[in-house]
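Undergrad: Input: one structure, supplied below.
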Amino acid sequence: MNPLSPNGDREAVLGRISEALREEAPRHHETPTKPAPSGLTAPFREWLPPVGKTRKEQIALFAKQSEGLKTEFHECASPEAAAKYLADLAKKGHWKTLALHKGALTDAVAGWLPETLTLLRIDDGYQKEVLETCDAGFTECESLVAQTGSVCITGRSSGGRALSVLPPHHVVIAHKTQIVTDLAAAYESLAEKYRDNYPSFISFITGPSRTGDIERILVLGAHGPKKLTVLLVP
Amino acid sequence: MWARALKEKVTFHDGCHGLRELGTKEAPRELLRAVKGLELVEMGEAESCCGFGGMFAVKYPQISTAMAEVKCNSIVETGVDYVVSNDSSCLMQIQGYLSRHSPRVVKSLHLAEVLAQQ
Amino acid sequence: MINLQEPQEQFQHDADRTTADEPRRAAVRKALGNYQIARGKTENAFASWQHARDAAATIKYEGVNHLDQYLREFEEKFTARGGKVFWASNSAQAREYILNLARERGVKSIVKSKAMTSEEIHLNDALEKDGYHVIESDLGEFIQQLKHEPPYHFVFPCMHLKRDEISALFERELGSAKTDSPEELTMIARRVLRQHYINADMGISGGNFIVAETGMISITENEGNARLTTALPKIHVALIGIEKIVPRLADLSLFLPMLATAGTGQQLTCYNSMYGGPRLPGEVDGPEEFHVVLLDNHRTRLLADAEQRDALHCIRCGACLNVCPIFKNIGGHAYGTTYQGPIGSVITPHYRGLQDWKHLSGASSLCGACTEACPVKIDIHHHLLQNRRNAVAEKKVWWEKLIWFGFRHLMKRPWAYKLAIRLAPVGQLFHPFVYGTELDPVQSWTKTRDFPEAATQSFHDWWRERKGARK
Ligand code: SF4
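Chains as they are written, first to last, in the numbering used here: chain E, 1 to 234; chain V, 235 to 352; chain Z, 353 to 823.
This is the structure in structure tokens:
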């Protein structure tokens, strides 16, 4: 084989593609003719499962979805209350170390946490082995998606890629205003916030890690967190 | 045969072409329900292919027969005496399997045969 | 697996064996029965699943029919974000690139998350031959790797195994204690794999979508293994087929729920992650290098077949397998292909040769359950028919030609047809002597099924009589 250029057989592949596309393909589908409701980026939104219009309905839907997904969802009156709740979780789970990242909400909560709980801040880097032994990861998020009960995180807003997946328990904290209707809305808010400068990692987390690989029976905590807790503050 | 036995339980097999190419699901059932003295019992595998498929049935007899087995077990389970369909190829396959393997007699009928007796 | 037989012979042979294994067929049927219930519920929650399918097909049509344009856009955006793109015409080029990379960077240990493309190009064999330690991290793939067996189903790799078989496998390979709890088995794998994520210096994954607009790839998974694979090792390689394109990021807000619904009956898969290259300045972690290998490997051959081009819309949800009565009865391994089930039967002849793989298109009753289940509206079962047509046009089979010659002449001549009908009851008198034996001309029917008795009166006769009576 001739040594390939650094980007490989680029011209050959592209050449074959444009050659192949000279003949038009038949369509086996209808092109939806209904115009998209104004202001929506995605014209298919209306075919997806419906979501209520008010924030109250959306929070209720998120709570309902969480139940089905085995996500623990809890509304807290204040960051202080959230800290209490978290401290309780820590006590019940016999946590020693909580890993977290810097952020307005995480910091507000961290200030109220008991001193017996060791905090591991990962903002300036971490050792993989150490993060792996932490009992929980505590992060903020971009948005909470009502339609699917998902938490949208990014590498920039939620402490990177590993904090939310390596420890066995992931705790997320969010403001009520972070609830969005659907995935399309979550993408919209990302686009507004980041423009052409997206973080290198975006993820929709929908419930704790799971698998059905053995006899299609559901088991939680396959490789990622066995537990997911979402705390909502005003 | 059929018309004289007025209290009969039947189940309906959806032939794939009728069901998926023509989109006929309810029409034959409505007709059957309109037949006096006839009780329609749905089977679990109503929409599963019987495994006929033309040349497929003899080119891959082992697969075709396995499919017939699944279909016919589902028919027998309903406890009916007759299986009705609107596709004669399916009926040939189903009858062929049932008469060889069924623990009790279950007969196949074309929908037209049922209606013609009315 | 050493395979000395022709694919077609092997297929017949394997299908004989697997259709005779009723307990396994029953287990697969049960698992897929549960899938069907879950999927039904999720589908019904859509405001309109059918419209959503049309919308998805429209977007995929746009992507695939402007593939060159969108791949260029992806490359430009992804490269600008520090990622590297390599275009591979075939599997050899893809393997070579990844092996070279591993060699140059002094890689020792590799962790992989599920990638059917890697099965397609036999990447593990090549890496292991060169001395790398490679471990599959998806639970199902991990089990199949321990078993030295390819995946059974491209979404549910070990769905054919029962828990006691997995427990015995773990006992033997990992020295774990016997258990019949799926949960414990999962935890054993979790413990074993944890260390590998941390030690590995290269991660390899596939990808479900290539997003042109923002230069990202999207990976859908339930377990979190792909997230760990893309987070911890310092080099990442994603091996993706060129057809996985979607034009815009927001298109995923349709495809992610549809993939989950059709794939497993979930509303959304647990983790849907979009990766736009290596760790950026200001981010705390992520690989230093992120390579995307765009794999052609005969996909352009399928692309050139306009009639079947929509087969490249496939999002590999596996729905067509889950509803396929052939798959349910013969199982995934009998196909002998990387991609099993209806979609595999459609594309494999394009990827690996029509004459060698046309039998898969024949091994279908064309019931159409696949087409009905497909979230992107691929005309799957008609493509099987087209493959049959193309195969015959290319190379005739003499005995089939003979049969159809006879059939045509019989059907064209009313007198011959009538004679045949009259002779049928006579022929049937002799049938019992050879019934079901090797001498039976319809043995492949009568071996397992009864042959219908010829009616004493033909339909034509009956009709004529009836008309006469009515007058
Ligand atoms: S062909 Fe359709 S149903 Fe089959 S795997 Fe692909 S997308 Fe899913």
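Don't be surprised by glycine CBs; every beta carbon is placed ideally from N, CA and C.
Taking 8 Å as the threshold (C-beta atoms), are glycine 567(Z) and leucine 591(Z) in contact?
TA: The residue labelled residue 591(Z) in the question sits at position 239 within the third sequence. The residue labelled residue 567(Z) in the question sits at position 215 within the third sequence. Cβ atoms of leucine 591(Z) and glycine 567(Z): not closer than 8 Å.
Undergrad: Would you verify that the beta carbon of arginine 263(V) is, or is not, closer than 8 Å to some beta carbon of chain Z?
TA: Here residue 263(V) is taken as the residue at index 29 of the second sequence, counted from 1. No, arginine 263(V) lies away from the interface with chain Z (no Cβ there is under 8 Å from its Cβ).
Undergrad: Kindly indicate the opening and closing residues of the beta strand (DSSP E) around arginine 439(Z).
TA: By one-based count along the third sequence, residue 439(Z) stands at place 87. The sequence shown places tryptophan at residue 439(Z), not arginine. Tryptophan 439(Z) -> beta strand (DSSP E) spans 436-440.
Undergrad: Look at glutamate 414(Z) and proline 26(E) and say whether their C-beta atoms are less than 8 Å apart.
TA: For this step, residue 414(Z) is matched to residue 62 along the third sequence. For this step, residue 26(E) is matched to residue 26 along the first sequence. No; because the gap between Cβ atoms is not below 8 Å, this pair is not in contact.
Undergrad: Give the single residue among Trp439(Z), Met554(Z), Pro677(Z), Cys666(Z) whose Cα lies nearest to the Cα of isoleucine 699(Z).
TA: On the third sequence, position 347 is the one that residue 699(Z) refers to. For isoleucine 699(Z), the nearest C-alpha among the options comes from Cys666(Z).
Undergrad: Please go through the same chain and pick out, in chain order, the residues whose beta-carbon is closer than 7 Å to the beta-carbon of tryptophan 95(E), but skip the five residues on each side of it.
TA: Looking up residue 95(E) in the first sequence gives position 95. Within the same chain, tryptophan 95(E) has close Cβ partners Leu117, Asp135, Ala136.
Undergrad: Which whole-angstrom value describes the C-beta separation of cysteine 306(V) and serine 717(Z), a residue pair presumed to lie in contact below a C-beta threshold of 8 Å?
TA: Looking up residue 306(V) in the second sequence gives position 72. Looking up residue 717(Z) in the third sequence gives position 365. Not quite, the Cβ-Cβ distance comes to about 15 Å (not below 8 Å), so this is no contact.
Undergrad: Scan the stretch 260-306 of chain V and note each continuous alpha helix (DSSP H) run of 4 residues or more that stays entirely inside, going in chain order.
TA: Segments of the alpha helix (DSSP H) lying fully in the stretch 260-306 of chain V: 260-267, 290-293.
Undergrad: Is the Cβ of isoleucine 309(V) closer than 8 Å to any Cβ of chain Z?
TA: Position 75 of the second sequence, counting from 1, holds the residue named residue 309(V). Chain Z contact via Cβ: absent.
Undergrad: Would you mind sorting serine 157(E) into buried or exposed? The rule is 16 or more other CB atoms within 10 Å of its CB.
TA: The sequence position of residue 157(E) within the first sequence is 157, counting from 1. When all chains shown are included, serine 157(E) counts as buried.
Undergrad: Can you find the residues in the same chain that come closer than 6 Å, C-beta to C-beta, to alanine 806(Z), ignoring five residues on each side of it along the sequence?
TA: Here residue 806(Z) refers to the residue found at position 454 when the third sequence is read from its first residue. Ala776, Pro777, Gln780.
Undergrad: Answer with yes or no whether the minimum CB distance from serine 713(Z) to chain V is below 8 Å.
TA: Position 361 of the third sequence, counted from the start, is the residue given in the question as residue 713(Z). By this cut-off, serine 713(Z) is not an interface position.
Undergrad: Could you compute how far the alpha carbon of glutamate 374(Z) sits from the alpha carbon of threonine 616(Z)?
TA: Residue 374(Z) sits at position 22 when you count from the first residue of the third sequence. Residue 616(Z) sits at position 264 when you count from the first residue of the third sequence. When rounded, the distance between both Cα atoms is 24 Å.
Undergrad: Whose C-alpha, out of Glu456(Z), Ile473(Z), Arg424(Z), Val416(Z), is nearest the C-alpha of serine 443(Z)?
TA: Start at 1 with the first residue of the third sequence, and residue 443(Z) comes out as number 91. The candidate whose alpha carbon is nearest that of serine 443(Z) is Ile473(Z).
Undergrad: Can you determine whether any heavy atom of the ligand SF4 sits closer than 7 Å to the C-beta of isoleucine 592(Z), and answer yes or no?
TA: The residue you call residue 592(Z) lines up with position 240 of the third sequence. No, the ligand SF4 has no heavy atom inside 7 Å of this Cβ.
Undergrad: Checking contacts by CB at 8 Å: is proline 337(V) closer than that to chain Z?
TA: As a working mapping, residue 337(V) is identified with position 103 in the second sequence. By this cut-off, proline 337(V) is not an interface position.
Undergrad: Is cysteine 141(E) near the ligand SF4, judged by its Cβ being under 7 Å from some heavy atom?
TA: Working through the first sequence from its first residue, we reach residue 141(E) at position 141. Checking the Cβ of cysteine 141(E) against the ligand SF4 gives no.
Undergrad: I need the straight-line Cα distance from alanine 399(Z) to glutamine 618(Z), nearest angstrom please.
TA: Translated into the one-based positions of the third sequence, residue 399(Z) becomes position 47. Translated into the one-based positions of the third sequence, residue 618(Z) becomes position 266. So the two alpha carbons sit approximately 16 Å from each other.
Undergrad: If you measure from the CB of glycine 244(E), is any heavy atom of the ligand SF4 nearer than 7 Å?
TA: In the structure displayed, chain E extends from 1 to 234; residue 244(E) sits before or after that span and is not available.
Undergrad: CA-CA distance, leucine 190(E) and arginine 600(Z)?
TA: Your numbering for residue 190(E) matches position 190 in the first sequence. Your numbering for residue 600(Z) matches position 248 in the third sequence. When rounded, the distance between both Cα atoms is 13 Å.
Undergrad: How do the stretch 204-218 of chain E and the stretch 565-579 of chain Z stand: do at least 3 beta-carbon pairs fall below 8 Å, yes or no?
TA: Taking 8 Å as the limit for Cβ pairs, the verdict is that the stretch 565-579 of chain Z does touch the stretch 204-218 of chain E.
Undergrad: Assign isoleucine 122(E) to one of two classes, buried (16 or more other C-beta atoms within 10 Å of its C-beta) or exposed (fewer than that).
TA: As a first step, residue 122(E) must be located in the first sequence, where it is residue number 122. That one is buried.
Undergrad: Exposed or buried, which one is arginine 161(E) when buried takes at least 16 other CB atoms within 10 Å?
TA: For the purposes of this step, residue 161(E) is taken as the residue at position 161 of the first sequence. With 16 or more Cβ atoms within 10 Å of its Cβ, arginine 161(E) is classed as buried.
Undergrad: Going by the beta-carbon positions, is the gap between tyrosine 691(Z) and asparagine 649(Z) smaller than 8 Å?
TA: Translated into the one-based positions of the third sequence, residue 691(Z) becomes position 339. Translated into the one-based positions of the third sequence, residue 649(Z) becomes position 297. No, they are not a contact pair.
Undergrad: If you measure from each CB to the nearest heavy atom of the ligand SF4 and keep those under 6 Å, what residues do you get, in chain order?
TA: The answer, residue by residue, is Ala614(Z), Cys666(Z), Ile667(Z), Arg668(Z), Cys669(Z), Gly670(Z), Ala671(Z), Cys672(Z), Ile695(Z), Ala725(Z), Cys726(Z), Pro727(Z), Val728(Z), Ile730(Z), Ile732(Z).
Undergrad: Anything in the stretch 103-134 of chain E with a Cβ closer than 7 Å to a Cβ of chain Z? List those residues in chain order, please.
TA: Cβ contacts with chain Z: Ile122, Asp123, Gly125, Lys128, Glu129, Glu132.
Undergrad: 8 Å is my cut-off, CB to CB: does glutamate 255(V) come that close to chain Z?
TA: Numbered from its first residue, the second sequence carries residue 255(V) at position 21. Taking Cβ atoms only, chain Z reaches closer than 8 Å to glutamate 255(V), which makes this a yes.
Undergrad: If you measure between the beta carbons of threonine 371(Z) and asparagine 681(Z), is that distance less than 8 Å?
TA: Your numbering for residue 371(Z) matches position 19 in the third sequence. Your numbering for residue 681(Z) matches position 329 in the third sequence. Yes, the Cβ-Cβ distance between threonine 371(Z) and asparagine 681(Z) is below 8 Å.
Undergrad: Taking the beta strand (DSSP E) that glutamate 174(E) falls in, what are its first and last residues?
TA: Counting from one through the first sequence, the residue named residue 174(E) turns up at place 174. Looking at the sequence itself, residue 174(E) is alanine, so the reference to glutamate does not match. Looking at the DSSP string, the run of the beta strand (DSSP E) that includes alanine 174(E) is 169-175.
Undergrad: Could you name the residues of chain Z that glutamate 30(E) contacts, counting a contact when the two beta carbons are closer than 7 Å?
TA: Working through the first sequence from its first residue, we reach residue 30(E) at position 30. Ordered by position in chain Z, the residues that pass the 7 Å Cβ test against glutamate 30(E) are Asp406.
Undergrad: For the pair the stretch 40-57 of chain E and the stretch 143-153 of chain E, tell me if three or more CB-CB distances fall below 8 Å.
TA: Because the criterion of three Cβ pairs below 8 Å is met, the stretch 40-57 of chain E and the stretch 143-153 of chain E touch.
Undergrad: Quick check on the DSSP output: the alpha helix (DSSP H) that includes arginine 455(Z) runs from which residue to which?
TA: Walking along the third sequence from the start, residue 455(Z) turns up at place 103. That run of the alpha helix (DSSP H) goes 443-456.
Undergrad: Do you know whose CA, among Glu536(Z), Asp813(Z), His812(Z), Thr798(Z), lies nearest threonine 299(V)'s CA?
TA: Here residue 299(V) refers to the residue found at position 65 of the second sequence. Minimum Cα distance to threonine 299(V) is reached at Thr798(Z).
Undergrad: Please return the same chain residues whose Cβ sits closer than 8 Å to the Cβ of threonine 808(Z), not counting the five positions on each side in sequence.
TA: Counting from one through the third sequence, the residue named residue 808(Z) turns up at place 456. Only Pro777 meet the Cβ criterion.
Undergrad: Using a cut-off of 9 Å between C-beta atoms, extract the partners of arginine 631(Z) located in chain E.
TA: Taking the third sequence and counting its residues from 1, one reaches residue 631(Z) at position 279. Near arginine 631(Z) (Cβ distances below 9 Å), the residues of chain E are Gly155, Gly160, Arg161, Ser200, Phe201.
Undergrad: Can you find a C-beta in chain E that's less than 8 Å from the C-beta of asparagine 739(Z)?
TA: Translated into the one-based positions of the third sequence, residue 739(Z) becomes position 387. Chain E, which has no Cβ nearer than 8 Å to the Cβ of asparagine 739(Z), makes this no.
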